[in-house]
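Chemist:
2 protein chains.
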Amino acid sequence: MGGPEVERLIALLAKLPGLGPRSARRAALKLLTEPETRLRPLAAALTAAVGAVRTCRVCGNLDSQDPCAICADPDRDGAVICVVEGVGELWALDRAGVHRGRYHVLGGVLSPLAGIGPEDLHLAPLLARVEAGGVREVILALGATVDGASTAHWLADRLRPLGVSVTRLGQGVPIGGALDVLDDGTLAAALRGRRSA
Amino acid sequence: MGGPEVERLIALLAKLPGLGPRSARRAALKLLTEPETRLRPLAAALTAAVGAVRTCRVCGNLDSQDPCAICADPDRDGAVICVVEGVGELWALDRAGVHRGRYHVLGGVLSPLAGIGPEDLHLAPLLARVEAGGVREVILALGATVDGASTAHWLADRLRPLGVSVTRLGQGVPIGGALDVLDDGTLAAALRGRRSA
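These protein sequence lines are chains A and B, in that order. Quick note on numbering that gives the first Met the number 0: the first sequence kicks off at 0 and runs consecutively. Quick note on numbering that gives the first Met the number 0: the second sequence kicks off at 0 and runs consecutively.
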C-alpha cells in the first residue's frame, strides 16, 4: 500500500513505543495527507535533533548543550545529586519539579542475571563526582525492582564511606513499577518521602 | 527537558494519532538514545516519503507512483470501482484482500451541517470515470453514518442512470463481535439483513 517509501515509513513508525502496525499506518497517513504542516516539520525536527542532541559529559543526560541545561544551571543545588537509571527517569523526575539539585544517569542497573556488572554502568564517574567534594546528599532514585534495590544497596555501601548522606525514594513507588510511567504526584510524594538507605 | 530541539520533536510526535504527550516523550527518547538505528532512518524515511509520495490522478490514492500501483495493475478488474471516503479506508479495505477491482477516493462525505457540498469532493471525476465506459459495478463503501448514508444515496441517484450496478457494503454483526455489546442500530441492521443459514 502506497509504495516502498510509505511501507518503510510505516515500519519505522511501528517500532516507536506506543505505536503498533495499525496506529503506525494511521500516523503515516496523517503525515502524508498533511505534508507541509506535519511531515516536513517532523523530518526537520528529527534531523535537527540528530545534529544537536548529545550526552552530557557530567551527568549523562541528553541535551542540545554539554554540560546539559541542568548541570549548567547555577540555581541548581550541586550538593544534592539524584541518581537515576536512565534519561527517561531523569526527565520524568525533573518534570515533577520537586528536585532542585543535579542528576546522575547510571545507564542501567546492576543485573547479575543479565550479566550487567559495575563496569558496564557509569558508576565510577558518580563516585568521582562525590569524591571531588561539595556533595552533601546522594538520592538513589532507582526503580523498586530487585535489580534496582540491589544496585541502590551496592551504591550506598560505596558512597557512605565518602562522607555523604545517602537516601532512597520513599513511599509512592509501586513494587515492580518503572519510574518513567508514574504520574507527577506519585513521583513528588516518593521524592519527599525519601529515607536513609 | 533536553533543549528546544527535543521539545519540538516531542511536540510534533505528540500530534500523531495514537500518541499523547507522555508516549511522545518516550518515543522521542527512544529515537534519541538510538540515533543511528532509529532517529536517522526515520528522518530519512520521512524525507524520502515527502519527495516520493503523490496523489493518484485517477483514483486519489497516495502512492509513490502516479497512476498508483492499484490503478496501474493490469490484473485488477477495472470494471468494479469501490468508492471510499479517504485513503485510510482504501488501505484498510485493500489490506483485507477481498476487493480485486479499483478504487475511487472521494476525499470526504457530503455534510450540509459542516458545509461540505458536492463541489468539495471528488465526485465529478468519479462520474467521468463511469461515463467513460467499461465500468460494470460501483461499490459505495462509505461509513454507516448519517452523512455517509446520505452521500451514498446522492451518488446512487447519479450513478444508476449511467447504466451501472450500484451496491453498498452489507451491515450487521462484525466478525468476532458479541451481540450484547452492539448498539441497537447495528442489531436492527443485522436483523434486517438476515440471510438463509
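All C-beta atoms, glycine included, are put in the ideal place defined by N, C-alpha and C. Because the structure is a prediction, the values reported are computed rather than measured.
Could you work out which residues of chain A lie near SER63 (chain B), taking near to mean beta carbons separated by less than 8 Å?
Modeler: Along the second sequence, one-based indexing puts residue 63 (chain B) at 64. The contacting residues are GLY1, GLY2, PRO3, GLU4, VAL5.
Chemist: Would you tell me roughly how many angstroms separate the C-alpha atoms of ALA91 (chain A) and ASP182 (chain A), rounded to the nearest one?
Modeler: As a working note, residue 91 (chain A) is residue 92 in the first sequence. As a working note, residue 182 (chain A) is residue 183 in the first sequence. Going from the Cα of ALA91 (chain A) to the Cα of ASP182 (chain A) covers about 9 Å.
Chemist: Between GLY107 (chain B) and chain A, is the shortest Cβ-Cβ distance under 8 Å, so that the two count as touching?
Modeler: Here residue 107 (chain B) refers to the residue found at position 108 of the second sequence. No, no contact with chain A.
Chemist: In whole angstroms, what is the alpha-carbon distance linking THR150 (chain B) and GLU88 (chain B)?
Modeler: One-based indexing of the second sequence puts residue 150 (chain B) at position 151. One-based indexing of the second sequence puts residue 88 (chain B) at position 89. If I take the Cα positions, the gap works out to 16 Å.
Chemist: Using a Cβ cut-off of 9 Å, pull out every chain B residue sitting near ASP72 (chain A), in sequence order please.
Modeler: Taking the first residue of the first sequence as position 1, residue 72 (chain A) is located at position 73. Simply none; closest approach about 12 Å.
Chemist: If you check the beta carbons only, do ALA43 (chain A) and GLU4 (chain B) fall under 8 Å apart?
Modeler: By 1-based counting over the first sequence, the position of residue 43 (chain A) is 44. By 1-based counting over the second sequence, the position of residue 4 (chain B) is 5. Against a cut-off of 8 Å, the Cβ pair of GLU4 (chain B) and ALA43 (chain A) comes out as no contact.
Chemist: Since ILE80 (chain A) contacts ARG101 (chain A) with CB under 8 Å, what's their CB separation in whole angstroms?
Modeler: Position 81 of the first sequence holds residue 80 (chain A). Position 102 of the first sequence holds residue 101 (chain A). That pair is a contact at about 5 Å.
Chemist: Buried or exposed for PRO40 (chain A), going by 16 or more other Cβ atoms inside 10 Å?
Modeler: Your numbering for residue 40 (chain A) matches position 41 in the first sequence. Buried.
Chemist: Which full runs of the beta strand (DSSP E) of 3+ residues lie inside the stretch 133-188 of chain B, going along the chain?
Modeler: Runs found: 136-139, 164-167.
Chemist: Could you tell me whether the Cβ atoms of GLY133 (chain A) and VAL108 (chain A) are closer together than 8 Å?
Modeler: Position 134 of the first sequence, counted from the first residue, corresponds to residue 133 (chain A). Position 109 of the first sequence, counted from the first residue, corresponds to residue 108 (chain A). No, they are not a contact pair.
Chemist: Under the assumption that GLY142 (chain A) contacts LEU120 (chain A) (Cβ atoms under 8 Å), give the Cβ distance between them as a whole number of angstroms.
Modeler: The sequence position of residue 142 (chain A) within the first sequence is 143, counting from 1. The sequence position of residue 120 (chain A) within the first sequence is 121, counting from 1. Wrong, their Cβ atoms sit about 14 Å apart, outside the cutoff.
Chemist: Who are the neighbours of GLY87 (chain B) on chain A, taking C-beta pairs under 7 Å?
Modeler: Residue numbering aside, residue 87 (chain B) sits at position 88 when the second sequence is read from its first letter. ARG25, LEU28, listed in chain order.
Chemist: Does the beta-carbon of ILE9 (chain B) have 16 or more other beta-carbons within 10 angstroms, so that it is buried, or is it exposed?
Modeler: Within the second sequence, residue 9 (chain B) is the residue found at index 10, counting from 1. Looking at its Cβ environment, which holds 16 or more other Cβ atoms inside 10 Å, ILE9 (chain B) is buried.
Chemist: Closer than 6 Å by C-beta to ALA26 (chain B): which residues in its own chain qualify, once you throw out the five before and the five after it? Chain order, please.
Modeler: In the second sequence, the residue the question calls residue 26 (chain B) occupies position 27. Excluding sequence neighbours, ALA26 (chain B) sits near LEU12.
Chemist: If you measure between the beta carbons of ASP65 (chain B) and CYS55 (chain B), is that distance less than 8 Å?
Modeler: Looking up residue 65 (chain B) in the second sequence gives position 66. Looking up residue 55 (chain B) in the second sequence gives position 56. The answer is yes: Cβ separation under 8 Å.
Chemist: Going by C-alpha to C-alpha distance, which of B:ASP156, B:LEU161, B:ARG24, B:GLY2 sits closest to ASP72 (chain A)?
Modeler: Position 73 of the first sequence, counting from 1, holds the residue named residue 72 (chain A). Nearest of B:ASP156, B:LEU161, B:ARG24, B:GLY2 to ASP72 (chain A), Cα basis: B:GLY2.
Chemist: Cα separation between ILE69 (chain B) and GLY171 (chain B)?
Modeler: Start at 1 with the first residue of the second sequence, and residue 69 (chain B) comes out as number 70. Start at 1 with the first residue of the second sequence, and residue 171 (chain B) comes out as number 172. Cα to Cα, the separation comes out at about 29 Å.
Chemist: Could you check the C-alpha separation between LEU18 (chain B) and LEU61 (chain A) for me, to the nearest Å?
Modeler: On the second sequence, residue 18 (chain B) is found 19 positions in, with the first residue counted as 1. On the first sequence, residue 61 (chain A) is found 62 positions in, with the first residue counted as 1. Distance between the alpha carbons of LEU18 (chain B) and LEU61 (chain A) is about 22 Å.
Chemist: Quick one: residues in its chain with C-beta nearer than 7 Å to the C-beta of ALA177 (chain A), no 5 flanking neighbours on either side, listed in chain order?
Modeler: Within the first sequence, numbered from 1, the residue matching residue 177 (chain A) stands at position 178. Same-chain partners within the cutoff: GLY142.
Chemist: Starting from the beta carbon of ARG37 (chain B), find every residue of chain A whose beta carbon is closer than 9 Å, and list them in chain order.
Modeler: Here the question's residue 37 (chain B) lines up with position 38 in the second sequence. Chain A residues near ARG37 (chain B): LEU11, LYS14, LEU15.
Chemist: Going by DSSP in three states, LEU28 (chain B) sits in which element: helix, strand or coil?
Modeler: By one-based count along the second sequence, residue 28 (chain B) stands at place 29. Of the three classes helix, strand and coil, the one that applies to LEU28 (chain B) here is helix, per DSSP.
Chemist: Tell me which residue opens and which closes the alpha helix (DSSP H) that GLY50 (chain A) is part of.
Modeler: Here residue 50 (chain A) is taken as the residue at index 51 of the first sequence, counted from 1. 39-51 is the span of the alpha helix (DSSP H), which, as asked, contains GLY50 (chain A).
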